[in-house]
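Colleague: In numbering that gives the first Met the number 0, the protein residues as written are 0 to 282. Ideal Cβ placement from N, Cα and C applies to all residues, glycine included. Structure provided below as structure tokens; questions to follow.
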Amino acid sequence: MRDRYFNPMEALPGEVRRVLGTVEPGPSETLTGERTWTLSSGETLGVNLQETPVQDLRVGEGSTTRPFLTEGDAVRGTVHTRSNGSRVYHLGFPLGLSWMYSMDPELSGGRLNTTFDTEAMAVFYGDMLDEAGVKTRLSTSPTVVAHVSDSGKVLLVRDRNPATASRPVTVAGEDLGAHVYAGAVTTSTRHDGARRGEVRCTLDVNSARILCAFGQIELASDGAVTVDATGLEDKDSGATGRVVVEGATAAVLTIGKQAVRHEAGTVTRFSLVRTNGIWTLAG
């Protein structure tokens with residue numbers, strides 16, 4: 000942990016200790032190269048550091064704080080169990096294994112680490128969330144950030160890694176199961192009555208995309224239906240676009256006050272027209 004001037008702290012404030020437990024920051028050093036960290040479960044985590052600041056953590060005796068990530072005798076991460084049973088994790092390194100004073104390294108220095116396995120780190124952090132009882136609403140690639148509105152009608156997708164931003168992105172979750180999105184391919188599935196959606200799209204020049212639902216979908220039984228609405232991408236008012244529906248399950252698409260029925264095992268095609276930002280059935 001660092002102070003307001005980014006200097007390593009020798010002792011944590013009392014308010015912070017009440018949250019993190021009896022743990023204090025130890026010696027800090029800048030490390031480069033491959034390292035192997037060991038979890039309390041006995042599993043190992045391989046990391047590749049590039050001038051990454053890493054701080055040893057000191058755990059007090061007889062406390063409810065315990066090391067859960069170590070490198071030899073050095074403690075890299077601790078977990079504190081609070082009186083209400085919740086868990087608080089403290090890591091002695093930046094989450095992205097990088098330390099940047101600014102997004103522009105030429106301005107303020109720092110080092111952006113581009114060599115570590117993002118998938119492995121995503122699994123590591125995901126396991127921490129699961130253990131803490133935090134359930135993620137959406138799943139996607141490790142470098143992608145996705146947010147869905149409470150209604151499920153708007154989906155924001157952004158790739159934080161410029162090197163991968165040109166590839167198609169897939170976002171999945173239960174919150175996406177009832178809607179179909181313009182400019183994307185939506186696969187809606189139903190299993191034992193539970194719905195789930197998978198949305199696939201490409202990103203714009205800013206490595207981001209805002210997808211808006213143009214309708215809702217209801218499956219008649221368990222199975223999957225795919226709605227290809229990429230033909231609705233970047234359409235001006237008055238323009239028309241094609242939608243293709245496929246799947247072995249019967250479904251009903253509701254677009255405003257209009258409905259389109261998809262018969263099981265067939266391909267359903269129809270056109271929409273955009274008027275004042277709203278899609279309706281053409282003709």
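What did DSSP end up calling Y88 once you bin it into helix, strand or coil?
Modeller: If you number the sequence shown from 1, residue 88 lands on position 89. Reduced to three states, the DSSP call for Y88 is strand.
Colleague: Report the start-end ranges of each beta strand (DSSP E) in the stretch 246–282 that is 3 residues or longer and not cut off at the edges.
Modeller: 250–254, 257–261, 265–274, 277–280
Colleague: State buried or exposed for V147, treating a residue as buried only when at least 16 other CB atoms are found within 10 Å of its CB.
Modeller: Counting from one through the sequence shown, the residue named residue 147 turns up at place 148. Buried.
Colleague: For P161, does the count of other Cβ atoms within 10 angstroms reach 16, so buried, or fall short, so exposed?
Modeller: By 1-based counting over the sequence shown, the position of residue 161 is 162. P161 comes out exposed.
Colleague: DSSP on G182, reduced to helix/strand/coil?
Modeller: In the sequence shown, residue 182 corresponds to position 183, counting from 1. For G182, the secondary structure class from DSSP, reduced to helix, strand or coil, is coil.
Colleague: Which residue comes first and which comes last in the beta strand (DSSP E) that contains V224?
Modeller: Along the sequence shown, read from residue 1 onward, the residue named residue 224 stands at position 225. For V224, the uninterrupted beta strand (DSSP E) segment begins and ends at 222–227.
Colleague: Between V179 and F213, which are expected to be in contact by the criterion C-beta below 8 Å, what is the C-beta distance as a whole number of angstroms?
Modeller: Along the sequence shown, read from residue 1 onward, the residue named residue 179 stands at position 180. Along the sequence shown, read from residue 1 onward, the residue named residue 213 stands at position 214. Contact flag correct, Cβ pair sits at about 6 Å.
Colleague: Candidates E28, S62, V78, R65: which alpha carbon is nearest D55's?
Modeller: Here residue 55 is taken as the residue at index 56 of the sequence shown, counted from 1. Of the listed residues, the one whose Cα sits closest to D55 is E28.
Colleague: Comparing C-alpha positions only, which one of V170, F269, E50, G172 sits nearest to W98?
Modeller: Along the sequence shown, read from residue 1 onward, the residue named residue 98 stands at position 99. Taking only the C-alpha atoms, the option nearest W98 is E50.
Colleague: Please classify R273: is it buried, with 16 or more other beta-carbons within 10 angstroms of its beta-carbon, or exposed?
Modeller: In the sequence shown, residue 273 corresponds to position 274, counting from 1. The residue is buried, with at least 16 neighbouring Cβ atoms inside 10 Å.
Colleague: Compute the Euclidean distance between the alpha carbons of A228 and V184, then round it to the nearest angstrom.
Modeller: If you number the sequence shown from 1, residue 228 lands on position 229. If you number the sequence shown from 1, residue 184 lands on position 185. Each residue's alpha carbon lies about 6 Å from the other.
Colleague: Check the DSSP bridge columns for G196 and list the partner residues they point to.
Modeller: Looking up residue 196 in the sequence shown gives position 197. For G196, the pairing in a beta bridge is given by DSSP as G172, S187.
Colleague: For D55, report the span of its beta strand (DSSP E) as first-last.
Modeller: Numbered from 1 along the sequence shown, position 56 holds the residue referred to as residue 55. D55 -> beta strand (DSSP E) spans 43–58.
Colleague: Exposed or buried, which one is P52 when buried takes at least 16 other CB atoms within 10 Å?
Modeller: Within the sequence shown, the letter at position 53 stands for residue 52. By the neighbour-count rule (16 or more Cβ atoms within 10 Å), P52 is buried.
Colleague: From the DSSP output, which residues share a beta bridge with T29?
Modeller: Taking the sequence shown and counting its residues from 1, the one referred to as residue 29 is at position 30. By DSSP's assignment, T29 forms a beta bridge with P52.
Colleague: Whose CA, out of R86, E130, G276, lies closest to the CA of R17?
Modeller: The residue labelled residue 17 in the question sits at position 18 within the sequence shown. Taking only the C-alpha atoms, the option nearest R17 is R86.
Colleague: Quick one: is I277 buried, meaning 16 or more other Cβ sit within 10 Å of its Cβ, or exposed?
Modeller: Indexing the sequence shown from 1 puts residue 277 at position 278. Exposed, by the Cβ-count rule.
Colleague: Since N47 and E60 should fall inside the 8 Å C-beta cutoff, what is the C-beta to C-beta distance between them, to a whole number of angstroms?
Modeller: Start at 1 with the first residue of the sequence shown, and residue 47 comes out as number 48. Start at 1 with the first residue of the sequence shown, and residue 60 comes out as number 61. That pair is no contact at about 34 Å.
Colleague: When you compare the CB positions of C211 and V156, do they come within less than 8 Å of one another, or not?
Modeller: Translated into the one-based positions of the sequence shown, residue 211 becomes position 212. Translated into the one-based positions of the sequence shown, residue 156 becomes position 157. No, they are not a contact pair.
Colleague: Do G230 and V244 have their C-beta atoms closer together than 8 Å?
Modeller: If you number the sequence shown from 1, residue 230 lands on position 231. If you number the sequence shown from 1, residue 244 lands on position 245. Result no, Cβ atoms of G230 and V244 do not sit closer than 8 Å.
Colleague: Do you know offhand how far P286's Cα is from N6's?
Modeller: Residue 286 falls outside the range modelled here, since the chain spans only 0 to 282, and no answer is possible.
Colleague: Evaluate H261 with the Cβ neighbour count: other Cβ atoms within 10 Å of its Cβ, from every protein chain shown; 16 or more gives buried, anything less gives exposed.
Modeller: Residue mapping note: residue 261 aligns to position 262 of the sequence shown, counting from 1. The residue in question, H261, is buried, as its Cβ has 16 or more Cβ neighbours within 10 Å.
Colleague: On a CA-only basis, which of L128, S187, A238 is nearest V198? Give me that one, please.
Modeller: Stepping through the sequence shown from its first residue, residue 198 is reached at position 199. The option with the nearest alpha carbon to V198 is S187.
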